[in-house]
Every structure is written in C-alpha cells, then in structure tokens.
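Enquirer: Here's a structure for you.
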Amino acid sequence: MYVRIYHIFFSPLRFKENRKDDIWLVDFYAPWCGHCKKLEPVWNEVGIEMKSMGSPVKVGKMDATSFSSKLKGDLAYNYRGPRTKDDIIEFANRVAGPLIRPLPSQHMFEHVQKRHRVLFVYVGGESPLKEKYIEVASELIVYTYFFSASEDVLPEYVTLPELPAVLVFKDGTYFVYDEYEDGDLTSWINRERFQGYLNVDGFTLYELGDTGKLVAIAVIDDKNSSVEHTRLKSIIQEVARDYRDHFHRDFQFGHMDGNDYINSLLMDDLTIPTIVVLNTSNQQYFLPDRQIENTEDMVQFINSILDGTAEAQGGDGFLQRIKRIIYDAKSTVVSVFKSSPLLGCFLFGLPLGVISIMCYGICTADTEGGLDESESPKKEHGDRELTDEGSEEEQEEKKEKYTELSDGEPKQKTILEKKKD
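Just so we're aligned: the sequence shown equals residues 1 to 421 in the UniProt record's numbering.
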C-alpha cells in the first residue's frame with residue numbers, strides 16, 4: 001500500500017483535464033489488501049480534516065490494480081510513515097509546499113521552532129552549499145522540513161564560525177554542519193533528522209536503517225511504573241544527552257513499548273525490561289552480558305560494542321535466513337489458529353490430510369507389489385517341487401510294477417516247463 005502526493009486525479013476523465021492544475025494526496029490501494037482496508041477509516045478522516053482546514057491538497061483514492069498506468073511520468077513522493085491521521089496530514093502539508101521555506105523574521109523563526117522538533121536551516125546567500133542543500137531537500141522532504149533564513153533572524157545564542165552554513169535545531173540546542181568532520185551533506189542530514197532520544201516503533205526503526213547507526217533501545221512496558229522499567233529508560237536518556245559527543249555519530253537512542261515487535265525481529269523471546277542494541281544494516285543485535293544498573297554500565301556496554309569485544313547475535317547469513325523462513329511460517333500458523341481456529345484447521349488440516357493419504361497409498365502400493373513379486377518365485381518353485389515329487393512317486397510305482405512283473409515271469413516259465421515234461 002502506497003500513499004503519494006501526486007499532480008493527478010483519481011478519476012480518469014478529470015485526470016486528463018486537471019493533472020497539471022491540482023495537488024492530490026492519493027491512496028493507491030488494492031481491493032484484496034488487508035492493510036488498505038485498515039487504512040480506509042483513517043483515510044476518510046484525513047479527507048475531512050484537510051477539507052476543513054482549507055488545504056490546497058485534495059484527497060482521493062485509486063485502485064492501483066486498475067489504473068497502474070497513471071503512476072508513470074509524474075512527480076511523486078512515497079509515504080512510509082505511521083498510518084495515523086495526524087502523520088499523513090503533516091506529510092501532505094510538508095511535500096505540497098515549497099522545498100525551502102523562508103523565515104523572514106525572528107517571530108516566524110520562534111513560531112516554526114515551537115512546531116517542529118527538528119529544524120534544518122540554511123543561512124547565507126547563493127553558493128554551492130545552497131545548491132547542495134536544495135538538492136538534498138528535494139530528496140528528503142518526505143522526512144523533514146527545510147528552511148532558510150538570514151543571520152539576524154537566528155536566536156542570539158547561535159554563533160556561526162562562517163557563512164554560508166547549515167544548522168539543525170533540536171533537543172533544545174543546535175549543531176552546525178562541518179563538511180570536514182561530518183562528510184557528505186546528505187548523510188549528515190539523514191543522521192541528524194532524528195532527535196537524540198526517540199519513542200521507537202516499527203516505522204521509526206525502518207527509517208533509522210537509512211542512517212547507518214546502531215540503535216540502543218530500552219524495551220519496557222510504558223504502563224508499568226515500577227522502578228526497573230523507569231530506571232532503564234532514564235539510563236538511556238542520560239547516555240543520549242550526556243554522551244552525545246562520544247556516541248551520536250554511531251548510535252541512536254530510544255525506548256520501545258512492549259516486546260512483541262522486537263521478538264519478531266530478533267526471532268527470540270526477550271524478557272522485559274531489558275536493553276538491546278540493533279544493527280539494522282545486517283540484522284545483528286547485542287545483549288548485555290550482565291544487568292545494566294547505571295549509566296556507567298551502559299557506557300561500558302556501548303564501548304564493548306565499538307571495540308568488538310561484545311558478542312554479536314543474529315545476522316543475515318544463510319542459516320539465519322533459513323531460521324527466518326521457519327520462524328515466519330510458524331508465526332503465520334500460530335496467528336491463524338489464534339484468530340480463527342476453525343479456519344486454521346481447514347487451511348492446514350485439509351492439505352495435510354490429503355498429503356497423508358497420498359503418502360499412505362504410495363507406501364502401501366509399493367509394499368503389496370513387493371510381496372506379490374516375492375511370493376511369485378516361491379509359488380513357481382513350490383509347483384516345481386510338487387511336480388518333481390509327483391514324478392518320483394510315479395517312478396516308484398512303475399518300479400514296483402516292473403519288479404512284480406520280473407518276479408512273475410520265472411514262475412510262469414516254470415509251470416510251462418512242467419507241462420511240457
């Protein structure tokens with residue numbers, strides 16, 4: 001399921017007439033898609049909200065299976081964030097406006113800073129850095145806002161070593177882009193577009209994969225106010241704040257509510273509360289070898305990962321892929337039986353029953369055929385023995401008759417001889 005900002009219309013006729021005139025937020029759905037059906041009530045709320053706000057962005061839906069040809073040749077931005085009304089509306093307003101939004105006054109700057117947790121600002125005139133900034137904005141506008149301002153608009157506490165410059169305002173402070181230390185501008189903005197500490201969910205974790213950072217997460221239950229749960233969350237927050245200069249380039253910090261998602265990701269059962277460090281690039285993860293009691297323990301754990309002494313688990317090797325296939329299959333079967341036991345019995349019981357009958361038939365046919373073949377020579381051999389035995393009996397009878405005849409001939413001869421005499 002894709003959500004896109006398009007200069008198109010969802011009606012084929014109106015699309016031809018207005019494709020260059022209006023900006024549309026279009027939900028491309030498939031009739032058979034379960035996720036699309038779940039989005040439908042949220043999408044209706046988005047349409048009502050956008051209309052009530054007087055937004056220039058119009059909201060529509062299109063069957064992607066029927067009108068896939070309409071997707072070609074138009075400027076589009078794919079939305080991959082959470083499927084909530086506020087997030088979708090914020091995305092629509094962001095990409096529908098200009099790539100670079102000017103901040104003409106301090107009042108406007110303060111207003112924008114209150115509304116956005118992360119704020120990128122270009123300061124200066126025309127330069128190669130500005131051209132690069134515009135290029136990056138066209139690529140990453142789907143994730144964050146981009147602004148421009150003059151130096152006198154910035155707060156008094158901001159000090160710039162030189163102009164032009166690119167800054168990011170977040171976490172109550174600011175950071176200046178340094179080409180020599182931070183490398184490519186695109187990579188720097190991609191790393192800095194997140195706050196230092198996050199409430200991590202599946203969508204956020206997916207986006208963090210583009211940063212190349214390791215993700216240190218306290219897996220807790222937000223509804224549980226026990227000391228153990230709050231302590232781990234506080235430890236992660238302290239490390240993210242106090243050790244930014246040491247770990248910010250390599251680590252992203254946050255917490256996750258519940259262990260369902262992380263268990264499916266790691267194919268393991270983590271007991272909460274716990275701490276796990278994820279490498280989203282190769283699907284490896286690290287678990288502490290002892291209980292994390294304070295900030296110092298967490299810092300030692302992170303340093304052991306950086307120097308390679310911590311044991312990495314998981315990965316994307318061949319065995320792990322096989323394990324993933326088996327785990328996903330098992331999870332699918334379990335989820336089906338949990339949601340609908342009767343449907344699960346029908347879907348999995350019927351094929352298994354048919355296969356079992358086929359296997360039994362094949363095995364039985366082979367066994368009976370083998371017995372027939374083995375019994376046939378025995379039968380022939382037995383017939384031959386009977387035939388041989390019968391012939392031997394006949395020979396004995398003939399022998400006896402011959403003996404009797406032989407004995408009888410001399411007797412007859414003796415009687416004849418006596419008569420002659």
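For every residue, glycine included, the Cβ atom is placed at its ideal position computed from N, Cα and C.
1. Can you check DSSP and say which residues form a bridge with V252?
2. Name the one or two DSSP bridge partners that D286 has.
3. When the Cα atoms are used, what is the spatial distance from E110 to G97?
4. Where DSSP assigns a beta bridge to G60, which residues make up the other side?
5. Rounded to a whole number of angstroms, what is the C-alpha to C-alpha distance between F247 and V215?
6. Between which two residues does the alpha helix (DSSP H) harbouring A310 extend?
7. Please classify E192 as buried or exposed, where buried requires at least 16 other C-beta atoms within 10 Å of its C-beta.
8. With DSSP collapsed to three states, give me the class of N78.
9. Quick check on this structure: which residue in M108, D316 and I236 has the alpha carbon closest to the alpha carbon of S150?
10. Which of helix, strand or coil does DSSP assign to residue 427?
11. R115 to V121, Cα distance in whole Å?
12. Suppose only complete runs of 4+ residues qualify. What are the alpha helix (DSSP H) ranges in the segment 130 to 192, listed by chain order?
13. For G254, is the classification buried or exposed, using 16 other Cβ atoms within 10 angstroms of its Cβ as the cut-off for buried?
14. Excluding the 5 residues preceding and the 5 following S69 in the sequence, name in chain order all residues of the same chain whose CB lies nearer than 7 Å to its CB.
15. Are the segment 133 to 148 and the segment 89 to 106 touching by the rule of at least three beta carbon pairs closer than 8 Å?
16. Measuring only the C-alpha atoms, how far is L350 from V168?
17. Among the candidates T204, V26 and G183, whose CA atom is the shortest distance from the CA of I89?
18. Counting C-beta neighbours from all protein chains within 10 Å, is the total for P104 16 or more, i.e. buried, or is it exposed?
19. Hey, could you find the ends of the alpha helix (DSSP H) V239 is sitting in?
20. Report the option in E49, N303 and I322 whose CA atom is closest to the CA atom of residue 427.
21. Is it the case that the Cβ atoms of T211 and N190 are separated by a distance below 8 Å?
22. Run the proximity test for R321: is its beta-carbon closer than 7 Å to any non-hydrogen atom belonging to the ligand NAD?
23. Are the CB atoms of V299 and I217 within a distance shorter than 8 Å?
24. Could you work out which residue in I220, D297, L208 and R241 is closest to D260 when comparing CA atoms only?
25. Taking just the CA atoms, how far does P273 sit from D171?
26. Could you give the C-beta distance for D316 and N282, rounded to a whole number, given that I count them as a contact under 8 Å?
27. Roughly how many angstroms lie between the CA atoms of P161 and F194, to the nearest whole one?
28. Tell me G314's beta-bridge partners as DSSP assigns them.
29. Span of the beta strand (DSSP E) holding L208?
Expert: Put simply:
1. In the sequence as presented, Val is not what sits at residue 252; that position holds Gln. DSSP, once it has assigned bridges, lists V215 as partnering Q252.
2. The displayed chain sequence assigns Phe, not Asp, to residue 286. Answer by DSSP bridge pairing, in chain order: V277.
3. 20 Å
4. V26
5. The alpha-carbon atoms of F247 and V215 are separated by roughly 11 Å.
6. That residue, A310, is in no alpha helix (DSSP H); it is neither H nor E in DSSP.
7. buried
8. strand
9. Ranked by Cα distance from S150, the first of M108, D316 and I236 is M108.
10. Since the first and last residues shown for the chain are 1 and 421, residue 427 lies out of range.
11. 14 Å
12. 179 to 182 and 185 to 192
13. buried
14. Caution applies to S69, whose pLDDT of 45 falls short of 50 and renders its modelled position unreliable; the value that the coordinates give is listed next. Within the same chain, S69 has no close Cβ partners at all.
15. Result yes; three or more Cβ-Cβ pairs closer than 8 Å.
16. 59 Å
17. V26
18. exposed
19. V227 to D242
20. In the structure as shown, the chain begins at 1 and stops at 421. Residue 427 is therefore absent and cannot be evaluated.
21. yes
22. The model on display carries no ligand, and the ligand NAD is accordingly not part of it.
23. no
24. The alpha carbon of D260 has as its nearest neighbour, out of I220, D297, L208 and R241, the alpha carbon of I220.
25. 26 Å
26. With 8 Å as the limit, D316 and N282 qualify as a contact, their Cβ atoms being about 5 Å apart.
27. 24 Å
28. Q284
29. No beta strand (DSSP E) contains L208, which is instead part of the alpha helix (DSSP H) from G202 to L208.
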